[in-house]
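Asks: Straight run, no breaks: the sequence shown in the working numbering ends on number 469. The C-beta atom is built at its ideal place from N, Cα and C for all residues, glycine as well. The structure displayed is predicted, hence computed values, not measured ones.
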Amino acid sequence: MKVSKEKAAQNRAALVETAARLFRTHGIDGVGVAEIGKAAGLTHGALYAHFPSKEALAAEALAHGLQIGHERMTRTRDGHAPSLSELLDSYLSEEKRDDIANGCAMAASASEVGRQDEMISARYSEGFELMASVFEKHLRAHKVKGDPREKAIAISSTLIGAIAASRAVLKAQPELANDILRAVRRAVGDIAGEKA
């Protein structure tokens, strides 16, 4: 039985969303296509009807996760984009760190993307550029001293690394995990020219 275009689009979206969540939680290499299909309520054969390879799905799932992250960073409240301080507080929160499945795709996949193919690396690069552009816009608006792009790259890299490091030590040393978030929050505030 042929699936309608609408149902096919729903199936594709379910595969992408499910894969994005599973890849953030278990890594790209830690999840098989059968597991993704099953979690999405489909067969792994359905996956190959939409994507030529697991890598193609991974690239789209990563792009999806990065787009969601960008939307969170730029979502307006009452017509106003979040302040730099609000962005930093939110990104470096214990809640965001602890929610790997729904957290930052960049932090969850940072160490793994370098072992993947160029298509996946390209999606990660695009996401990184989007993240840095949000910080660069804030830095330019506040006329912070120094090169705004360079500082935005430093801030983005530092935030991603902080979440990854905090997650890595959390089980063994929860206090250190929280210290990492607090220390990086202060340091990034200094880079961004935030007043204490």
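Give every residue of the same chain whose Cβ lies closer than 7 Å to the Cβ of A469, excluding the five residues on either side of it in the sequence, and list them in chain order.
Replies: For the purposes of this step, residue 469 is taken as the residue at position 196 of the sequence shown. Note on A469: pLDDT 45, under 50, position unreliable in the model; no value is reported.
Asks: Using 8 Å as the threshold, is the segment 347-360 in touch with the segment 381-393, meaning 3 or more CB pairs across them?
Replies: Counting Cβ pairs under 8 Å, fewer than three are found: no touch.
Asks: With three or more beta-carbon pairs closer than 8 Å as the criterion, would you say the segment 374-384 touches the segment 293-304?
Replies: Short answer: they touch.
Asks: Which residue comes first and which comes last in the alpha helix (DSSP H) that contains H343?
Replies: One-based indexing of the sequence shown puts residue 343 at position 70. Where H343 is concerned, the enclosing alpha helix (DSSP H) stretches over K327 to T347.
Asks: I'd like the list of long-range same chain contacts for A427, defined as Cβ closer than 8 Å, with 5 residues on each side in sequence excluded.
Replies: Residue 427 sits at position 154 when you count from the first residue of the sequence shown. I464, listed in sequence order.
Asks: Alpha carbons only, please: which of A336, K424 and R455 is nearest the one belonging to E399?
Replies: Residue mapping note: residue 399 aligns to position 126 of the sequence shown, counting from 1. For E399, the nearest C-alpha among the options comes from A336.
Asks: Measure the beta-carbon distance from V407 to T431 and round it to whole angstroms, keeping in mind my assumption that it falls under 8 Å.
Replies: Taking the sequence shown and counting its residues from 1, the one referred to as residue 407 is at position 134. Taking the sequence shown and counting its residues from 1, the one referred to as residue 431 is at position 158. Rounded, the Cβ-Cβ distance is 14 Å, inconsistent with contact.
Asks: Identify, in the order they occur along the chain, each residue of the same chain with its Cβ nearer than 7 Å to the Cβ of S439, setting aside the five sequence neighbours on each side.
Replies: Taking the first residue of the sequence shown as 1, we reach residue 439 at position 166. Hits under 7 Å: R370, A450, I453 and L454.
Asks: Below 8 Å on the Cβ atoms is my guess for L315 versus A287; work out the distance and round it to an integer in Å.
Replies: Residue 315 sits at position 42 when you count from the first residue of the sequence shown. Residue 287 sits at position 14 when you count from the first residue of the sequence shown. With a Cβ gap of about 7 Å, L315 and A287 count as contacting.
Asks: Measure the alpha-carbon distance for A395 versus I433 and round it to whole angstroms.
Replies: To locate residue 395, count along the sequence shown from 1; it is residue 122. To locate residue 433, count along the sequence shown from 1; it is residue 160. Going by the C-alpha atoms only, they are around 17 Å apart.
Asks: If you run the structure through DSSP and keep just helix, strand and coil, what is H415?
Replies: Residue numbering aside, residue 415 sits at position 142 when the sequence shown is read from its first letter. Looking at H415 - three-state DSSP - the assignment turns out to be coil, as it is neither helix nor strand.
Asks: Given a cut-off of 9 Å, decide if F296 and V306 are closer than it, judged by their beta-carbon atoms.
Replies: The residue you call residue 306 lines up with position 33 of the sequence shown. The residue you call residue 296 lines up with position 23 of the sequence shown. In this structure, F296 does not lie closer than 9 Å to V306 by Cβ.
Asks: At 4 residues or longer, what runs of the alpha helix (DSSP H) sit wholly inside the segment 401-446?
Replies: You should have 421-442.
Asks: Sort A435, E290 and G338 by Cα distance to K311 and report the nearest one.
Replies: Residue 311 sits at position 38 when you count from the first residue of the sequence shown. Of A435, E290 and G338, the residue nearest in Cα terms is E290.
Asks: Short check: CB of A378 to CB of I341, under 9 Å?
Replies: As a position in the sequence shown, residue 378 is number 105, starting the count at 1. As a position in the sequence shown, residue 341 is number 68, starting the count at 1. Yes, these two residues count as a Cβ contact at 9 Å.
Asks: Tell me which same chain residues have a C-beta within less than 7 Å of the C-beta of L313, skipping the five on either side of it?
Replies: Taking the sequence shown and counting its residues from 1, one reaches residue 313 at position 40. Contrary to the premise, residue 313 reads as Ala rather than Leu in this sequence. Excluding residues within five positions, the ones whose Cβ falls inside 7 Å are A287, L288 and T291.
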